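In my numbering, the protein residues as written are 11 to 345.
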């Protein structure tokens, strides 16, 4: 089957190839009627522009890169889905690149990505959102970026959630069930999310008139394995907590696993809740009480803001999205 070319589209519309190109590149200086005619013919002929040709014509790669150093596969899958949605809406492709931000050759890896792929912009996820060497490298190269949940949202564009407020609301929920011995499995200290969720936990305790107990604050790493280890540590305490708030769902599920291992019934003997509302929250038993973070939407909105900058279509900003409490079967009134 012969491939449809831009010349075929121009001939069918009765205009120039330049006009077709301007429409496909979302040039605002094309009339609405012409845009509709071109897009109608493009759909009718099933025309697919070659990325290489578009790149030569516009000096763009039409690629957005998603960079991550995150131990939660469910979180990254949701972010990736949102980024892809926004990219496809603007006829962009997406590159996904895992990184280890603590590696000795981290900066060299970034330089290599920028040289080989030449992305028009990058989406950064925690903890890369706050990595000083990465941010400096991108600024030196003039590469636009948008951040998801950065520690300092006033300095960049992207998207954030009111995580501190959400974490405090989860503690409020546990207190309303009669719990007074509430532990927290902390997130990675390199992530802004870990810092904000700990602050929210403390806010919730203070609001309820409860004292902080250092033994009830156990370090995790946003991973199932760290949730298991933290839960084992909490179960070894002389006075066990009656409720545990983990800073993400993976750690909460790890805590449920360790509880089952020790013969502790959830929620009869102990309540457990998480944060994020990733897919695993409804796959585990009992279903996990958690905070819904619209991760896919956050990926999509961050990419939309980035593309505003890349395509010079408006003034990008830091977008704030809301959370939602998801009360399920892993929390119950204290006995």
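We put the beta carbon where it would ideally sit given N, CA and C, even for glycine. The structure presented is a predicted model; accordingly, all values stated were derived computationally and were not measured.
The distance from the Cβ of residue 218 to that of residue 174 is about 16 Å, inconsistent with a contact at the 8 Å cut-off. One alpha carbon belongs to residue 197, the other to residue 177, and they sit about 12 Å apart. Residue 56 places its beta carbon 8 Å or farther from that of residue 19.
DSSP places residue 153 outside both helix and strand once states are collapsed to three, so it counts as coil. Taking a cut-off of 8 Å on C-beta distances, the stretch 272 to 280 does not touch the stretch 121 to 133, as fewer than three cross pairs fall below it. Counting C-beta pairs with one atom in each stretch, the stretch 244 to 258 and the stretch 184 to 191 have three or more that are closer than 8 Å, which means they touch. The C-beta of residue 135 has 16 or more other C-beta atoms within 10 Å across all chains shown, which makes the residue buried.
DSSP lists no bridge partner for residue 49.
Collapsing the DSSP output to three states places residue 258 in coil. Contact between residue 316 and residue 133 holds: their C-beta atoms lie close to 6 Å from each other, under 8 Å. In the three-state DSSP reduction, residue 115 falls in the coil class, being neither helix nor strand. Residue 309 places its beta carbon 8 Å or farther from that of residue 75.
In the three-state reduction of the DSSP assignment, residue 345 falls in the coil class. Around the beta carbon of residue 80, 16 or more other beta carbons sit within 10 angstroms, so the residue counts as buried.
For residue 166, there is no enclosing alpha helix (DSSP H), since its DSSP letter is neither H nor E.
Residues 33 of the same chain have their beta carbon placed closer than 8 Å to that of residue 45, with the five preceding and five following residues left out of the count.
By the C-beta criterion, the stretch 318 to 332 is judged to be in contact with the stretch 157 to 169, since at least 3 inter-stretch pairs fall below 8 Å. If you compare the alpha carbons of 305, 171, 220 and 124 with that of residue 90, the shortest gap goes to 305. Under the DSSP assignment, residue 229 falls in the beta strand (DSSP E) whose first and last residues are 227 to 229. Within a 10 Å sphere around the beta-carbon of residue 37 sit fewer than 16 other beta-carbons, which makes this residue exposed.
Taking a C-beta distance under 8 Å as the contact criterion, residue 98 and residue 288 do not qualify as a contact pair.
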